Structures are given as C-alpha cells and as structure tokens.
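S.K.:
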Amino acid sequence: MKAAVVYGADDIRIEDYADPVAGPGEVVVATKVAGICGKDVKTMLGQGLTEDLPAVLGHDMSGEISDVGDGVQGFSVGDPVAVYPMAVCGKCHYCLQKRYNLCEKSLGLGHGLDGAFAEYVRIPKEIIDIGGLIKLDDEISFDDAVMAEPLSCTFAAARANRMKEGQAVLVIGGGSMGLMHLKTAKWSGCQVIVADVVDMRLSMAGQMGADHLINSSSGNLHDEVMRITEGRGADVVIISIGIPDVIEDCLKLVARGGVCNIFGAAPDTEVKIDPRWLHQQEITLTGTYASTPADFKKCLQLIKEEAIIVSDLISHRFTLDTFDEAVESAKSLEMVRGIITFGEMVSVSF
C-alpha cells in the first residue's frame, strides 16, 4: 500500500509500506478520509516525534472494513466505519472508570500504532473492545464522520467545564479547534465570544455563529470582554493557544465562580497563578485531553442529525500525492482543517 511515512523532522516520504493484516480480534480499514490535525503537523516538524521511526501518523479517520480477524463480531468486510483512535488497556484505574483518555498504558493511531495517512490501517482489539469502531450507514459523509474525533475533544472539554445554557463563553484562539469549541458552546446554548489576532479566522467564527468577535491585536481584550459581560468576565474561558503569557492574561477574564480550561499548552512551560485569587473568586481550573468513546459516539450522532455542522470547517482537500502541499498549507496557517481523501468517495452514516 501507499503511505505517508515519517522518517524524522520535516522528512515525510510517500512510499510503499507493508500491508496490515487483521489478527485475532482486529480489523483492517481501507481509509476513505483522514483528517489533518495540528498535532500531526507539529509532530512531522519534529515536536514530539516518536523514537520508533519510520512511522505513519494520522489519528482521525473514516473508511470501509477490508479485513476481519478471527473472533470479531458485528462487523463485516465492506462496512463503513468511523474510528476512535485510542487503544487502551481496559484494566487500569482510569479505564475501570471509563476515563479511557487517561489510560496509563494507552497507544493510539499515529502514536505508537501506524495511523491514518495510509491506504489501509489495522485497528487493534483494544479499540474494538471499548466500542471505538462505529458502524456507519448512509446519512453522513465520510468527510463529516472524520470530524467526529476533534469535535469530541471539545465536547469532552464542555463536559469538564460544566458548560450550560445561558453562560458567557470566551474562546481564545479561532483555529480549527477554537471554531469547534464555538460550535459546541453554541449547541449548549451559550453566548460565545471568540478572540484571535487573524481577521480571517474571526470572520469564519462570525459566520459560524459567534455572538462577539475580538481582534486582540488591535483592541484591549480585557476591556472588551468586561464590556460584553457587564464587568463580570466570562463564565467559561477556553484557552486554545498554548502560550504562557496568553494563558496568564486570560485567567484574569474568568468570572467569579467560573471555569478556565487549558485546552492547549506548549511543552516545558510554566504559568504563574495567584492561589489567593483562585480561592477568593472560587475559580475552577481544568485541563482536558482527548475524549472518550462515549464522547466520540455522541458527536457522530450530533453530526448525523446536523445538530452541529462540521462541513464548513473543511477548508482544504488533498491526496497522498499532494501530501507535501498539505503540510505546507498547515505550516503557513492557510488551512483551517484539511483532509486527505483516498479513492472514490461515498456518502455514509451510522
């Protein structure tokens, strides 16, 4: 098969790669669509590269089952599916609480396991056993289905942040994940403020339903948020930019009794927090990572019902043959969310 194989920092090659085989309890999926996550791009550029190289990245995928291993029930060759990407042990303290995203021994597609930037992907037993392989039917496209995983990460954040109708939610960063936070918050019935320094991103946020837009490079973010919220601050602040100074400044925008969510952070950085402020203002500080299979399945349902529209997030389409263009588009910040398509596309849903 053909795959985008990473050999090192900024060294990705499209080449022949060994075809995967379904072992007992496993399936192989012929990839129809793979999503390009910002984390994938950072890894390809050398940030957090696995020691086990060469490797195939990519953890957002939808496709059709091409091989079924012994003992797999409920799935057949040809079934269209979406894939939750984390392979967990199922036995640790966190797995027993069904907090699978915190598994002590987890691997994942593109993270210890060959991922979705390939024509075929082996789905291990550990993913199937926790309900991470979702059969689709004919009411959602492969394009839309591949967006369920990133959307589920924002859905998990909303759950951790106790987001509820009528709250004022401030989203810092209008990239693809910030826009998904916007969509999740609007679905939750919130008033949403989006702040960014790029007018194009703010324009997209406005088209997607943001109630207020702030270009923090040309205006005073603190003053604007306080004006919009009548001096209280936002009930929920979601910081989708991992810059320490930005995080410290945005902590001051949380209302009394509010929640601040650290959704993205650069490695090996520190942020100063006044513990007295946390104490007296009753601020809840959360961090959220990935999602659970339940979040993933819920987001597939929301996408299927068009309760949350995701098609407008897809700004670029590529193939393996144009994979280098995908990386360059992501590096230049031109791309909101890119996908890689494989073969003939068919509309499906679960």
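In terms of full-length UniProt numbering, the sequence shown is residues 1 to 350. Using N, Cα and C, we set each Cβ at its ideal position, and we do this for glycine too. Only a predicted model underlies this, so the values are computations on that prediction, with no experimental measurement involved.
(1) Would you mind reading off the limits of the beta strand (DSSP E) that contains residue 123?
(2) On the three-state DSSP scale, how would you describe residue 342?
(3) Under a three-way DSSP split, which group does residue 137 fall into?
(4) Within 10 angstroms of the Cβ of residue 305, are there 16 or more other Cβ atoms? Answer buried if so, exposed if not.
(5) Go to residue 317, then tell me how far its beta strand (DSSP E) extends in each direction, as first and last residue.
(6) Label residue 76 either buried or exposed according to how many other C-beta atoms from any shown protein chain fall within 10 Å of its C-beta, with 16 as the threshold for buried.
(7) In whole angstroms, what is the alpha-carbon distance linking residue 142 and residue 136?
(8) What are the start and end residues of each continuous beta strand (DSSP E) run of 3 or more residues lying completely inside the stretch 69-115, in chain order?
(9) By a C-beta neighbour count over all protein chains shown, 10 Å radius and 16 as the cutoff for buried, is residue 80 buried or exposed?
(10) Might you give, ordered along the chain, the residues of its own chain that have their beta carbon closer than 6 Å to the beta carbon of residue 358, omitting 5 neighbours on each side?
(11) Determine the closest residue to residue 375 out of 204, 32, 227, with distance taken between C-alpha atoms.
(12) Under a Cβ-count criterion, where at least 16 other Cβ atoms within 10 Å of its own Cβ denotes burial, should residue 87 be classed as buried or exposed?
(13) Check the DSSP bridge columns for residue 63 and list the partner residues they point to.
(14) Taking buried to mean at least 16 other C-beta atoms within 10 Å of its own C-beta, is residue 201 buried or exposed?
(15) For residue 331, I'd like the list of residues in its chain whose CB is within less than 8 Å of its CB, leaving aside the five on either flank, ordered along the chain.
(16) Kindly indicate which three-state DSSP category residue 167 falls into: helix, strand or coil?
M.R.: Reading from the atomic positions:
(1) DSSP places residue 123 inside the beta strand (DSSP E), whose first and last residues are 120-123.
(2) Residue 342 falls in the coil class under three-state DSSP.
(3) Assignment of residue 137 by DSSP, reduced to helix, strand and coil, places it in the strand class.
(4) Burial check for residue 305: the Cβ neighbour count within 10 Å stays below 16, so the residue is exposed.
(5) Counting along the chain, residue 317 sits inside the beta strand (DSSP E) bounded by residues 314-318.
(6) Under the 10 Å beta carbon count, residue 76 is surrounded by fewer than 16 other beta carbons and is classified as exposed.
(7) Near 9 Å, if we compare the C-alpha coordinates of residue 136 and residue 142.
(8) Listed in chain order, they are 80-83, 107-109.
(9) Counting every other CB atom within 10 Å of its CB across the protein chains shown gives residue 80 a total of 16 or more, marking it as buried.
(10) Not covered by the structure: residue 358. The range shown for the chain is 1 to 350.
(11) Shown here, the chain extends from 1 to 350; a query on residue 375 therefore has no answer.
(12) So residue 87 counts as buried.
(13) Paired residue(s): 31, 81.
(14) Classification for residue 201: buried.
(15) Contacts found: 41, 45.
(16) In the three-state scheme derived from DSSP, where H, G and I count as helix and E and B as strand, residue 167 is classed as coil.
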